[in-house]
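Protein sequence lines correspond, in order, to chains P, F and U.
Residue 337 in the numbering used here sits at position 336 of the first sequence; the count goes up by one each step and never skips.
Residue 179 in the numbering used here sits at position 106 of the second sequence; the count goes up by one each step and never skips.
Residue 303 in the numbering used here sits at position 314 of the third sequence; the count goes up by one each step and never skips.
Following: one structure in structure tokens, then a few remarks.
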Amino acid sequence: MEFYTQALSKVLTVWPIVAMIGATLLGVFIGALPGLNPVMAIALLLPLTYSMDPLVALAMVSGIYNGSMYGGAIPAILLRIPGTPASIATTFDGFPMADKGEAAKALKIACWSSAVGGIASAIALMTVGPLLARVTLFFGPAEYFWIAIFGMASVGVMVGSDPAKGVMAAVLGLLIGTIGIDNLSGQARYTFDQTWLLGGLDLIVVLVGLYALPPVLQLAEKCDLKGLSAAQLKLTNVPFKPGERRKLIPTWLRSSGIGISVGILPGAGGNIAAFLSYNAAKNASDDPESFGKGNPQGVAAAECGNNADNAASMIPALSLGIPGNVVAALVLSALTIHGLQPGPQLFHQNPVLVGGFMMEMLITSLLIFLLGGAVATRVFAQFQRLPGVLLVPSILILMCVGVYVINGRPVDLWVMLLAGIAGYFLEKLNVPLAPIILGMILGPMAEQSVRRALLISRGDATELLTRPLSAALAIATLLIITWPIVKAMRNKRAGAEI
Amino acid sequence: MERRQDIVLGLIFMGLGAAAAWMATSYTGASGIYPMVLSIILALLGATVVLKAVRAGTTSERKLVDGPAQMLVTIVLGIVYVALIVPLGFYPASFLLMLALPIALGYRRGLYALIVAAVFMGIIYLVFSLLLEKPLPRGALPSLVGLGG
Amino acid sequence: MTIQKTMIYALTSVALATPIFAEYPERAIELTIPAGAGGGTDTSARKLAILLEEALGTSIAVLNVGGGGGSVGASQFMQAKPDGYSLFATWNSPLTTVPQVQNVAYSLDSFTPIASTSETAYTLCIKTDFPATDGAGFLAELEANPGKYTYGNDGIGGTMQLAAERIFQAKGIDAVPIPFGGAGETLQNFLGGHVDIYGGSISTVLPYVESGEAACPIVTSAADVAALPNASGLDALGMGDKETLLWRAILGPKDMDPAIVAKLADVIESSVNDPSYVEFLATKGEVPNIVKGDDLGARLQAEFDGLAEVSKSLGLSN
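In structure tokens:
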């Protein structure tokens, strides 16, 4: 453990500290602007850091990464526009809280939960990570298939009042996920001979349209010409009431565990960590009906889950050389440029640098405590002081610029508008939007893994169930689907006995 | 109201599912099975929604749009804006939207709108063009003028 | 600038018979990469872009357009103006392999070849419990057990798969290809024992060769590769003509001004040969390889024709 103290003394010098603070702030902004994402910012930043002290470069990466995961919660709470796909689950209870005049409280809970999740994840990275990394190798295509199905099961909590419509939305998302070239056969599906569709619809483009346009249109309908005054904003610092924080601790522990487990699996994707955490919190609650109506536990679960995924997603990258997501791939390429060779020997090659990066993931999570709340209230909430009619074009322009810079093609703007108009009406017709996005995220993973598993087993479908690990995951999926039903029945019986 | 809306919604999804299933028939081997199954399920779910709506005895009021005028104005101006981004360039088109949309929605303090527009566009320029160096549509006009030098 | 001035400028330009772009470049260049951020092509291109910025004295904005194995980015770039301010940094697959299996809107004629930058080979690797260790033995084992072994590759009809199939075809080998999303994912499934053979880039698997967990009996280049001393090049196996490499190049849209192409090719050549870039390439197991202008066009055409043959006999081509 000596290298950790050594690493700490290197990290706690002027430039890495400046870089961490600056990057965390930048990250919060990037996360808060719909369309902008940490990948874009880190990809842009890394080449500039090739000639820099690697610890300063990695300080920026960790700041942007951790900051942006929290930043996504700010518009999710204030405007019901998730800044990142991972903050969709934050809108479920965050916006209803803001609607009740508890915006400041929701932001504070989001801030604390993000920080707690990030810290737990960084600690996992520094301690058990390398040991767990080898375990993830047991997960083959058959297991990944079940993980995707397990994630889909969390649609159950989002379907709302009309299950048929909720499932319909999920299936629509799965179908949208099939657009483009099929990686396993080269077949182009639903591309209508449009080359830009060969890569499929971009998740962020659809997300921005589907989620940001309906609130904007509703804002326009309200036709607010005056804007909120400072007093109406109610953004003064609300301290936690005694015991309030303690009630969140079980949720934090659970969500951290979920976020870390999902994060450590290469390719499973952090976007589902928040959904799974939210689902688990609702299942564990005594009062599941209050979720979706402004329950603070919902905000805590979602935000803690999506930050707990971050540092954990670095575990396979740093200990095996297998990047689990794009940010991890960028970090690996940065380390390569600084003369390190990713792989099992990475830690031994330069324990101070790798340990230092882990420290930075921890410190930037701590920084969210200090900086997150201030940024949210001092800067972003002030936007609400603008008259609504001025806010409408501003958000529209932000949406367009964010969407355009992803692929640099105007047609994406039309996709976004179309998705937005569809989203507006679907929502009015009680069709939930979150399952569409979840379907788009998990559909390709489910389809490709099951087909790969069948290729490997030469078409024998029983292998999906008979490998010990795949069997366990299949049972877990079954349990998560039936649990709410069992619980509801038990409650009914208990009610009858009284 | 609600009944009729749900029937239309269900029919749209049935149509989507049927069309997607029909297209999936031309995809080779395993790559066609998965979308085919999904399309059929989608169509069946659409049918369920229709059936439920038909069976529902009562129908309650559900307004699809709260402020049709404002919503329509916003969508139309949004479409015009997106259409103008390429020919006019991103910054001129956005600046026009910042002024036109509030006025169309009934905002009358032109100077305030102008100041907000200028500040906002300044921030966008700073972040996207200077900091992130992201190429945005420059518009046909400047490149025509700029051809000579 | 007034119209008058413009006219004079244009006239003098013509009179002096120097191209109108004498001062090229005078504004920012947009570099399209047909792959997402973080991959091999992306890092190589971004690192090179920094050196090019210095040499050209202008800024270079990078745009990642991933999807369709590179065909989305290539199709989008094809429509750019050939004014020298839109460049395309790609690896060979979107140009020579993808058109064999997908219906794409572009052909080799849709681009102006400028210069190739670097190249590397693919490799096939096995766990230590595999019954053979050297290249000839590895191929013999595969040949003796048709359909028994699975090998991971970078995607159906991708260059990696075609590189392997070219060798397998020559030897009459039947191995089951399992397509993954990239070398990282292939490595994960290879280490976990879900596929028998790793197929992909050298740099990804190298640490596991050094730690003794994996062994690579074959590389897909004709010559041996220094980083993998135990691997046979195809020359050693008597199949030098079946070589397939992974290489990277910078291209422009169709009909670019030859003067600009020449200038860019020279700048690219000196930037690639910059010691810092050579060192960077070495960390990824790549070597500089510069083929400029029309020679690059010929190289693309030759590779395209060679791979067309393989994919046709594999039944992959459309």
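Positions of the beta carbon are idealized from the N, C-alpha and C atoms, including for glycine.
Computed from a predicted model, the values in this text were never measured in an experiment.
Report the neighbours of residue i on chain F: residues whose CB is nearer than 7 Å to its CB, in chain order.
| i | result |
| --- | --- |
| P/TRP415 | VAL155 |
Mind reading off the beta-carbon distance from residue i to residue j? Whole number of angstroms is fine, and I expect it under 8 Å.
| i | j | result |
| --- | --- | --- |
| F/GLY90 | F/ILE113 | 7 Å |
| F/GLY212 | F/LEU161 | 5 Å |
| P/LEU211 | P/GLY64 | No, P/LEU211 and P/GLY64 are not in contact; Cβ-Cβ is about 29 Å, not under 8 Å. |
| U/ALA121 | U/ALA110 | That belief does not hold up - the Cβ atoms of U/ALA121 and U/ALA110 are roughly 20 Å apart, past 8 Å. |
| P/GLY36 | P/SER69 | The pair is not a contact, with the Cβ atoms about 12 Å apart (cut-off 8 Å). |
| P/SER94 | P/PHE292 | This sequence places Asp at residue 94 of chain P; Ser is not what is there. Indeed, because the Cβ distance is near 6 Å, the residues count as touching under 8 Å. |
| U/GLY188 | U/ALA225 | Incorrect: roughly 19 Å between the Cβ atoms, too far for contact. |
| F/LEU194 | F/SER167 | The sequence given here places Met at residue 194 of chain F; Leu does not occur at that position. Between F/SER167 and F/MET194 the Cβ distance is about 6 Å, and since that is below 8 Å, they are a contact. |
| P/SER154 | P/ILE442 | Note on residue identity: the sequence assigns Ala, not Ser, to residue 154 of chain P. Incorrect: roughly 14 Å between the Cβ atoms, too far for contact. |
| P/ASN284 | P/TRP484 | 6 Å |
| U/GLY55 | U/GLY25 | 4 Å |
| U/SER64 | P/THR196 | 4 Å |
| U/LEU223 | U/ALA211 | 5 Å |
| U/GLN89 | U/SER300 | 4 Å |
| F/LEU204 | P/LEU173 | That belief does not hold up - the Cβ atoms of F/LEU204 and P/LEU173 are roughly 37 Å apart, past 8 Å. |
By the criterion of Cβ-Cβ separation under 9 Å, what are the contact partners of residue i in chain U?
| i | result |
| --- | --- |
| F/PRO208 | ALA17, GLU19, ALA50 and LEU52 |
| P/PRO345 | PRO196, TYR197, SER200 and GLU202 |
Could you name the residues of chain U that residue i contacts, counting a contact when the two beta carbons are closer than 8 Å?
| i | result |
| --- | --- |
| P/ARG190 | Those do not exist, as P/ARG190 stays about 12 Å from chain U at its closest Cβ, beyond 8 Å. |
| P/GLY201 | GLY56 |
| P/ASN184 | GLY144, ILE145, PRO168 and GLY170 |
Express the C-alpha separation of residue j and residue i in angstroms, rounding to a whole number.
| i | j | result |
| --- | --- | --- |
| P/TYR425 | P/MET360 | 44 Å |
| U/GLY241 | U/THR106 | 14 Å |
| U/PHE10 | U/ASP244 | Reliability of the predicted coordinates at U/PHE10 is poor, the pLDDT of 49 falling under 50, and the value obtained from them is presented with this limitation in mind. Whole-angstrom Cα-Cα distance: 14 Å. |
| U/ALA117 | P/THR365 | According to the sequence provided, residue 117 of chain U is Thr. The question's Ala does not apply to it. Near 42 Å, if we compare the C-alpha coordinates of P/THR365 and U/THR117. |
| P/ILE75 | P/ALA303 | 13 Å |
| P/SER115 | U/ARG35 | 32 Å |
| U/GLU199 | U/GLY27 | 24 Å |
| U/ASP72 | U/GLU108 | 28 Å |
| U/PHE169 | U/PHE66 | 26 Å |
| P/VAL355 | U/GLY201 | 23 Å |
| U/ILE314 | U/LYS252 | Summary: the structure shown does not reach residue 314 of chain U, with chain U confined to residues -10 through 307, and so no result is reported for it. |
| P/PHE96 | P/VAL207 | 20 Å |
| F/ILE85 | P/ASP203 | 23 Å |
| U/PRO206 | P/GLY403 | 47 Å |
| F/GLY140 | P/LEU198 | 35 Å |
| F/ILE148 | P/LYS223 | 15 Å |
Cβ closer than 8 Å: which chain F residues qualify as neighbours of residue i?
| i | result |
| --- | --- |
| P/PHE426 | LEU137 |
| P/LEU175 | LEU111 |
| P/GLU464 | Within 8 Å Cβ-Cβ: nothing; P/GLU464 doesn't reach chain F, min ~16 Å. |
| P/ALA24 | The premise fails here: P/ALA24 is roughly 13 Å from chain F at the closest Cβ pair, so nothing lies under 8 Å. |
| P/THR179 | TYR107, PRO108 and LEU111 |
Residues of chain F with a CB under 9 Å from the CB of residue i: which are they?
| i | result |
| --- | --- |
| P/LEU418 | ILE148, GLY151, ILE152 and VAL155 |
By the criterion of Cβ-Cβ separation under 7 Å, what are the contact partners of residue i in chain P?
| i | result |
| --- | --- |
| U/GLU174 | GLY268 |
| U/GLN177 | LEU138, PRO267 and ILE323 |
By the criterion of Cβ-Cβ separation under 8 Å, what are the contact partners of residue i in chain A?
| i | result |
| --- | --- |
| P/PHE140 | Although the question refers to chain A, the structure presented lacks it and instead comprises the protein chains P, F and U. |
Mind listing the chain P neighbours of residue i? Cutoff is C-beta to C-beta under 9 Å, in chain order.
| i | result |
| --- | --- |
| F/ILE197 | ILE398, LEU399 and VAL402 |
Please compile the residues from chain P whose C-beta is within a distance smaller than 8 Å of the C-beta of residue i.
| i | result |
| --- | --- |
| F/ILE158 | CYS401, TYR405, PRO411 and LEU414 |
| U/ILE257 | Those within 8 Å of U/ILE257 in chain P number zero; the least Cβ separation is about 17 Å. |
| F/PRO175 | PRO388, VAL390, LEU391, VAL393 and PRO394 |
Along the region 376 to 404 of chain P, where does the CB come closer than 8 Å to a CB of chain F? Name the residues.
So the close ones are LEU387, PRO388, VAL390, LEU391, VAL393, PRO394, SER395, LEU397, ILE398, LEU399, CYS401 and VAL402.
At what residue ranges does the region 392 to 469 of chain P contain a whole run of the alpha helix (DSSP H), taking only runs of 4 or more?
Those alpha helix (DSSP H) runs which fall completely within the region 392 to 469 of chain P and span 4+ residues are 412 to 429, 435 to 457 and 464 to 467.
To test your reading of the DSSP string, which unbroken beta strand (DSSP E) runs of 3 or more residues are found completely within the region 107 to 167 of chain U?
DSSP runs (the beta strand (DSSP E)) wholly in the region 107 to 167 of chain U: 139 to 142.
Go through the region 202 to 264 of chain U residue by residue and report every complete run of the beta strand (DSSP E) that reaches 3 residues or more, in order.
Secondary structure remark: continuous beta strand (DSSP E) runs of at least 3 residues inside the region 202 to 264 of chain U, in chain order: 203 to 208 and 234 to 242.
Restricting to runs no shorter than 4 residues, where is the alpha helix (DSSP H) found entirely within the region 120 to 197 of chain F?
Counting only runs of 4 or more, we get 141 to 161, 163 to 177 and 183 to 197.
So if I threshold CB-CB distances at 7 Å, which residues from the region 263 to 274 of chain U count as touching chain P?
Cβ contacts with chain P: PHE269, THR272 and LYS273.
Name, going along the chain, the residues of the region 91 to 110 of chain F whose beta-carbon falls closer than 8 Å to a beta-carbon of chain P.
Flagged, chain order: ALA93, MET96, ALA97, TYR100, THR101, GLY102, ALA103, SER104, GLY105, TYR107 and PRO108.
Scan the region 93 to 107 of chain U for residues whose Cβ lies nearer than 9 Å to a Cβ of chain P and list them as they occur along the chain.
Result list: VAL93, ALA94 and TYR95.
Scan the region 440 to 460 of chain P for residues whose Cβ lies nearer than 7 Å to a Cβ of chain F and list them as they occur along the chain.
Listed by position, the residues of the region 440 to 460 of chain P near chain F (Cβ gap below 7 Å) are GLU448 and ARG452.
Using a Cβ-Cβ cut-off of less than 7 Å, give me the residues of the region 141 to 172 of chain P that come near chain F, in sequence order.
Residues passing the 7 Å Cβ filter: ALA165, LYS166, VAL168, MET169 and VAL172.
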